[in-house]
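Q: Shown below is the structure under consideration.
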Amino acid sequence: MKTKKVGAPDKYSDEILQQKLNEFLISNTVAKLNYSSLAKETGIPRHVWMRRMSKVIQNIKEPTPKFFGEVREDLILPNIPEIIDKNWNNRNQMIKDLMLFEKIIRDLYQKSRDYEKFANEKEKMSEKIKKLEGELKLAKADVDYYKNELYKVSIKSKKTSERLNNNLQNVLEITPSKPETIEKATSGEFGKYFEGLFDKE
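Residues in the sequence shown are numbered from 1 upward in steps of one, following the working numbering.
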């Protein structure tokens, strides 16, 4: 019966690797964390770090929203005591975790400022629209008024008696060969051409 060969036990346990990693982070920034720098400072070969601790190192170097919900807006506030207890001997990891929330706060603050600016612009635009609507309403009223007055003048000018009483000429008579008739019909100067229609101040 053949005896199953047993591989040599790992020279570095997970506990030792984690301890060495923590020691490295105490004296170095997260930005300096890589397999080569770990091997140089701890004496543990680069391939050991790569094979055994790659996921741990990747998690440290790439902040993950550990306290987010499934949707970005579902923000769960950090558990400060938990962060401190977990990273009591790992200053850099604690800074890394807290910096994640600093970034979130800054982002939310900027969004709040942007929303406030948008709300102010919207309010100004609403006021401007109301003002323009009021001016448009007045302009429309003027157009309707003068249209009605011109209609009345047109009717009066068709009757000889009305023309004599109101000092009017037939406004419907537009002769292309007579520029003055075109001017009268298109200038809009009703007070000038139809003096009998408007009261003099």
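From the three backbone atoms N, C-alpha and C, an ideal C-beta is built for every residue, glycine too. It should be emphasised that the depicted structure is a prediction, and the values quoted were computed from it without experimental measurement.
Go ahead and pull the three-state DSSP assignment for Tyr12.
A: Tyr12: coil per DSSP, three-state reduction.
Q: According to DSSP, simplified to helix, strand and coil, what is Thr29?
A: Coil.
Q: When you compare only the Cα positions, how much space is there between Ala119 and Met50?
A: Approximately 51 Å, taken between the alpha carbons.
Q: Taking the C-alpha atoms as reference points, what is the distance between Tyr12 and Ala39?
A: Roughly 13 Å between the two C-alpha positions.
Q: Applying the 10 Å Cβ sphere with the 16-neighbour rule, what's the burial state of Ile44?
A: With 16 or more Cβ atoms within 10 Å of its Cβ, Ile44 is classed as buried.
Q: In whole angstroms, what is the alpha-carbon distance linking Leu108 and Tyr145?
A: Approximately 55 Å, taken between the alpha carbons.
Q: If I follow the unbroken alpha helix (DSSP H) through Asn59, where does it start and stop?
A: Looking at the DSSP string, the run of the alpha helix (DSSP H) that includes Asn59 is Ser54 to Lys61.
Q: Residues in the same chain with beta-carbon distance under 6 Å from Thr42, minus the five sequence neighbours each way, listed in chain order, please.
A: Answer for Thr42: Lys20, listed in chain order.
Q: Hey, which unbroken runs of the alpha helix (DSSP H) at 4 residues or more fall wholly within the stretch 74-131?
A: Segments of the alpha helix (DSSP H) lying fully in the stretch 74-131: 80-86.
Q: In angstroms, rounded to a whole number, what distance separates the CA positions of Ala31 and Ile16?
A: Each residue's alpha carbon lies about 22 Å from the other.
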